[in-house]
Each structure stands twice: as structure tokens, then as C-alpha cells.
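Here the working numbering is used: the first residue of the sequence shown is 237, the next is one more, and so on.
Here's the structure we're looking at; comments come further down.
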Amino acid sequence: MNAKPKNVMKYASIYLNQKCDVLLIPLSTKKIILPVPGIQAVAKDVGAFLSGPGQYERLLVHGFSGGFMTWGLLLDEMMQDKTRYAPIADKFVGQVWDSIIIMDSKTLLQSLSSATVPKNVILRKLFKIYLEFHMAVLPNINSLYNQGFKQVRENSLITCPALVFGSRSDPLWNYDCVLDTIDSWKKKNIEVDLKLWDVSPHGRNRETKFPIVIGCLFVIILLSGLTF
């Protein structure tokens, strides 16, 4: 969410060096607070791209922070048209999630204000007040995201192994919600590898836990058959 391109490319280069194509899907504050023309439209565009003729044989999704919302809305799109998307779902061979945010209204307000105004405390508080008003006027935002997160937990299309990075010190990382999601995956016999640290900044596990993160990424890349 509001990620700097240079930080995203640090991860993208790992896959590019394995001769994989990489589709980058940026997520801005505007797309989150106006989800119908924003993040929901992005999810539909990604679905249309993946379902196009002559696309890839193997797919791996690697998401950060609020990117979990985009994934949830894409899954919701896929579940509404299983005939169209089932062949695409079968192509997913792995999923990687770093510092994911599973949002209720409280977490949404906190994460958006922190990500949008990370340094100015006064502006952050003012922006949070605006968000509270915005969500009161547009209550469908919560229901839309709740539906997306429900699909992340309950959808029957994606069953590939998952690698999850997180930190107990991350103020935006809802520990109980993430564990609940992982438990729901395991009940569907999805293999999950959780790397959980006591202290690591939000979205910066690669910097603070470099050997472990890179090692785990290469393992899932190899197991997914993405190397050439």
C-alpha cells in the first residue's frame, strides 16, 4: 500500500532473475477509499488479463500489506464466475504474503492514516478524522472488503501452498485475524509456512530478516516450478 517502486523492485528482481514475467499491481490510498472505481476495478482488470487467451501456465501471487484486499476482491470476482476462472485458479502454484492487513473498520482507519501520512502526527490525526467521516457516508466500503476477506478464507478455487511473513511488533498486522485465516487454509489442506518474528517493521521483513526471507522465497519458487 503506497509502496515505493524501488522497494517493490527489490522483490520483483528475484522473480525476473528466474526468467519469470512480473505483473506489478500498485495500491494507493485513493483506490482503497473509493473501492468501486478503484481497487475493485483493478481486481476486475487483473481477472480479465489472466483469463485472456495464450496466458501463463503457472502463476504465483506475492502480496504485501493492503494488497491482500486486492487479492480478496479478485477471488470474489473469480467465485462469481467459476466457469470462466476455474482454469486460471488451477494455474496458481504458490502464494506469498508479507505483512498482510486483514481489515475491519478500525484497522482500515489506522493503516490508511499511517501509510498515507507516516511522519506528520497532526496531519495523520486529521486524515483519520476525514476517513471516519468518509466511511460513515459510504458504509458499503466495509461490506465490500469483508466480502473480499471472506473469499480469502473460504474460497474453494485456490489451494496452492502459502508462505506468510509477519511480525508481532507490526501495529497494522492483526495477529488473531491472520492466524484465523491460516487455520481456515489448513482445514482445506493448504500447506502454510508461517515465518513470524517478534520484532520487524511493517513491510520491511526483507531488510531486517534478509537471509530467511530470500531463502524461503527461493524454496517456494523451486517447489512451484517457476525456475528455468
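Just so it is clear, CB atoms sit at the ideal spot from N, CA and C, and this is done for glycine as well.
Note that this is a predicted model, so its numbers are computed, not measured.
Where S403 is concerned, the enclosing beta strand (DSSP E) starts and stops at A398 to S403.
Assigned with DSSP and collapsed to three states, Q254 falls in coil, not helix or strand.
Take L252, set aside five residues on each side of it, and the residues of its chain with a beta-carbon closer than 8 Å to its own are V258, in chain order.
Considering only S405, L380, L453 and T417, the residue with the shortest C-alpha distance to L432 is S405. Less than 8 Å separates the beta-carbon of D429 from that of L399. The beta-bridge partner set that DSSP reports for W333 consists of G299 and V400. In the structure shown, W421 adopts helical secondary structure according to DSSP, grouped into three states. Just so you know, the alpha carbons of L359 and V353 end up roughly 7 Å apart. Around the beta carbon of K267, a 10 Å sphere encloses 16 or more other beta carbons of the protein chains shown; the residue is thus reported as buried. Separation of L374 and I275 (C-alpha to C-alpha, rounded to the nearest whole angstrom) is 15 Å.
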